[in-house]
Structures are given as C-alpha cells and as structure tokens.
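Colleague: Residue numbers (our numbering): -11 to 76. Note that CB positions come from ideal geometry on N, CA and C, so glycine has one too. Since the model is a prediction, treat every value here as computed from it, not as a measurement.
1. Quick one: is residue 36 buried, meaning 16 or more other Cβ sit within 10 Å of its Cβ, or exposed?
2. Looking at C-alpha atoms only, which residue of 18, 41, 38 and 26 is the closest neighbour of residue 54?
3. Which residues does DSSP pair with residue 51 in a beta bridge?
4. When you compare each of 26, 39 and 14 to residue 51 by their alpha carbons, which one comes out closest?
5. Quick one: Cα of residue 10 to Cα of residue 59, how far?
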C-alpha cells in the first residue's frame, strides 16, 4: 500500500492535487514533491531573500521526514532536480 504524507506542519494543499511525501509500497523509499518557501498558512517566507527561502524549504523537508519517522541526517541520498532548468 502506498502511504501519503501531508503533515499539518507543512504548507497547505488547498486545491492542489499532490502529496508532500509518498512512501513506496515496500516502505523503503520516500519521494517528496518540490518544496517551496511557504509556511503552514501558505504565506511566502523570505520574499527577495534566497537564503531565508532555502532555509524554509529545508524546514518543510524536515516536517515531511519527521512525519515518516526520519530526519535529514539519517538519509542516504538527497537528489535535487529542477525539471525546468533547461527552459529558462
């Protein structure tokens, strides 16, 4: 069974058809959606400040990891991919 995680500490899904994190049926791999610098109310954090935005993104990652009983320091791989990078 696929398990979907949408921790209440993360930013809201209102009207969005996705899950913040999905654990594969085997329970060994967590996939996360792209994270943005939004707080739990959906407000942008750190407008015009990339460092503040990056910190908020990683806080959101930490919320998802916590929801599955993990933490960033325990992870083996962090893969970042920007699918739009070739179109900019």
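Modeller: Taking the coordinates as given:
1. exposed
2. 18
3. Looking at the DSSP assignment, residue 51 forms no beta bridge with any residue, so it has no partner.
4. 26
5. 15 Å
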